[in-house]
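Worksheet: the structure to be examined is printed underneath.
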Amino acid sequence: MVLVGLAQAFFKRNAVSLSEIATIQQSTETSNEASEKSVSPQKSGDESGNIVVVAPPEFRFMYPEFLPDPAMERRNRLREKLERIDMLQRRSVVEIPEFYTGSIMAVTVADTNSPSKVARFVGICIQRGGSGLRAWFILRNVVDKQGVEILYEMYCPLIQKIEVLRLERRLDESLLYLRDALPEYSTFPFDMEPERRLNNSAVPLNPIKVKLRPRPWLERWERQDLQGVENLNLPQRFYDRAKEVAKPWEKYDLMLQYRKTIPAEEQEKIFAEIHSQLQQQDLQRKIRRRRGSSNEQ
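In this note's numbering, the protein residues as written are 14 to 310.
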């Protein structure tokens with residue numbers, strides 16, 4: 014009873030009642046639960062009753078750089094975990110949007126040799142690769158009738174902004190054959206405006222087939238199973254030679270596929286680890302955008 018009286022006297026002195034404290038605590042818990050629901054990952058219960066975080070399956074296509082190098086001799090679990098932490102911290106500073114091979118992008122980097130101290134390049138993503146902090150992508154554009162390609166390290170500290178002007182995919186995972194294609198397939202204006210896209214809409218697939226210039230080419234494209242290239246119109250001897258050097262049995266080699274990919278169970282663990290943080294960063298960006306638009310109005 015003495016302790017209760019002292020507590021009531023303390024709260025009266027600070028002009029805060031017990032009912033007000035309960036109301037504030039309840040409202041705080043309600044807001045926290047609402048925020049957690051808005052950014053919480055998908056969850057399901059296992060047989061023991063524990064909550065298991067399940068990341069969306071499309072994460073493996075949206076964020077392939079979070080998957081480690083499948084080569085076992087290059088694996089280091091501690092380094093991979095530390096790199097994922099650094100990647101998430103970098104993403105909290107610079108937004109790295111969703112993009113695929115074939116997307117039209119614009120990248121702004123710091124350049125001390127430029128009068129404005131920044132350099133912006135617009136181009137089509139013809140290839141992306143690497144894992145962890147070594148992830149990279151290549152942009153290509155034709156400037157003054159000359160093909161220009163720039164390889165960007167995705168988590169380079171010099172990158173100030175990454176924009177996706179047109180989000181789309183192509184029929185092939187690599188578009189290196191654009192180097193031997195006609196210039197119009199790789200020409201994009203530097204003042205290109207970003208195209209609007211509805212939220213949660215499917216990424217469109219561009220079924221365009223490019224036309225290559227006459228030989229000689231940088232590679233023997235007839236020996237690759239390319240879907241986005243028109244008929245090459247080569248003599249039959251080129252296709253006969255391509256059949257001789259082809260390895261059709263590799264698609265049935267399960268061990269080869271296993272060595273080139275990360276097991277699905279490990280992918281789920283990795284993406285479940287970063288899912289909530291990526292969703293929270295996305296929510297914070299939306300809040301900042303709304304505040305910025307409201308301030309402009």
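We put the CB at the ideal spot given by N, CA and C, even for glycine.
Could you tell me how far apart the beta carbons of residue i and residue j are, in whole angstroms, since I believe they sit closer than 8 angstroms?
i	j	result
residue 178	residue 207	5 angstroms
residue 199	residue 153	5 angstroms
Any idea which residues DSSP pairs residue i with across the strands?
i	result
residue 149	142 and 166
residue 225	194
residue 123	131
residue 258	Answer by DSSP bridge pairing: none, since residue 258 is not bridged.
residue 176	119
residue 182	218
Rounding to the nearest angstrom, what Cα-Cα distance links residue i and residue j in this structure?
i	j	result
residue 210	residue 118	14 angstroms
residue 104	residue 90	21 angstroms
residue 99	residue 169	12 angstroms
residue 304	residue 297	11 angstroms
residue 49	residue 75	With a pLDDT of only 41 at residue 49, under the threshold of 50, the placement of this residue in the model should not be trusted, and no figure is reported.
residue 31	residue 73	For residue 31, the predicted model reports a pLDDT of 41, less than 50, meaning its position is unreliable; a value from the coordinates is still stated below. Using only the alpha carbons, I get a separation of about 50 angstroms.
Output yes or no for whether 7 angstroms exceeds the beta carbon distance between residue i and residue j.
i	j	result
residue 189	residue 139	yes
residue 121	residue 133	yes
residue 70	residue 273	no
residue 192	residue 231	yes
residue 283	residue 79	yes
residue 243	residue 222	yes
residue 101	residue 290	yes
residue 194	residue 225	yes
With distances taken from CA atoms, which of the options is nearest residue i?
i	options	result
residue 166	174, 253 and 233	174
residue 275	77, 71, 69 and 68	77
residue 233	258, 222, 213 and 220	258
residue 251	228, 261, 268 and 262	228
residue 161	171, 135, 181 and 180	135
residue 214	256, 137 and 181	181
residue 97	288, 305 and 307	288
residue 137	261, 130, 125 and 155	155
residue 255	237, 144 and 220	237
residue 151	163, 143 and 158	163
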